[in-house]
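Single-structure report; data block below.
Numbering (the numbering used here), first residue to last: 4 to 235.
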């Protein structure tokens with residue numbers, strides 16, 4: 004549940020920052036950044052994160068043994084598990100919005116939270132700063148708050164959305180952004196379904212598994228009775 008909440012916060016924070024002027028600037032940078040090939044950097048970090056996670060689960064490593072770099076790799080692994088093929092694109096979008104340092108801090112925070120090493124690890128400050136308050140203040144929303152008709156116009160007239168920082172090509176970036184959000188939600192649903200399946204399999208008792216094997220004909224009655232006695 005904590006892992007699901009972390010990704011939900013990530014996606015929600017992106018959606019809050021969408022209309023702000025800095026987001027429009029960031030999306031333009033993202034459009035250029037996403038064209039660059041990371042030469043497999045994301046995949047390598049995912050693999051490194053998986054190795055660290057496996058060692059944590061096996062008891063070969065402890066949380067205290069990990070550096071921020073290790074937690075960053077863990078964050079890349081967890082994000083890759085949930086975002087799938089959209090992982091690199093989402094990384095590029097975070098770099099465009101928060102800079103490379105902010106993107107690294109985000110993965111460190113995700114690694115700490117989702118590995119349960121630091122469930123309450125703080126999210127990057129620049130991510131918080133790019134949220135709703137920036138949209139309201141930087142986008143001029145506060146200025147229209149007292150004017151209900153002007154505020155309503157901002158939300159009902161698509162062209163007035165340009166006032167929040169979208170250039171003439173803003174709709175292209177906005178569509179791209181929401182496509183990534185939808186892809187993230189779809190990946191999240193698939194991940195939840197996979198987690199539920201794996202958890203239900205773990206919850207099976209040894210006796211239930213034995214009965215299932217017997218019902219399928221994988222073992223005979225004699226072997227079933229012998230193994231049943233061993234379990235009892």
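C-beta atoms are modelled at their ideal positions from N, C-alpha and C, and glycine is treated no differently.
Could you please give the first and the last residue of the uninterrupted alpha helix (DSSP H) stretch that includes residue i?
| i | result |
| --- | --- |
| residue 50 | 44-61 |
| residue 230 | 224-234 |
| residue 76 | 71-86 |
| residue 215 | 209-219 |
| residue 94 | 90-117 |
Are the beta-carbon atoms belonging to residue i and residue j less than 8 Å from one another?
| i | j | result |
| --- | --- | --- |
| residue 79 | residue 48 | yes |
| residue 118 | residue 183 | no |
| residue 104 | residue 75 | no |
| residue 190 | residue 97 | no |
| residue 230 | residue 213 | yes |
With a threshold of 16 other CB atoms inside 10 Å of the CB of residue i, please say whether the residue is buried or exposed.
| i | result |
| --- | --- |
| residue 123 | exposed |
| residue 43 | exposed |
| residue 29 | Because the pLDDT of residue 29 is 47, which lies under 50, any placement of that residue in the model is unreliable, and the number read from its coordinates should be weighed accordingly. With 16 or more Cβ atoms within 10 Å of its Cβ, residue 29 is classed as buried. |
| residue 232 | exposed |
| residue 65 | exposed |
| residue 125 | exposed |
| residue 61 | exposed |
| residue 185 | exposed |
At least 3 beta-carbon pairs within less than 8 Å: the region 209-223 vs the region 177-196: No: fewer than three Cβ pairs fall under 8 Å.
Contact the region 95-115 vs the region 213-224: 3+ CB pairs below 8 Å: No, they do not touch.
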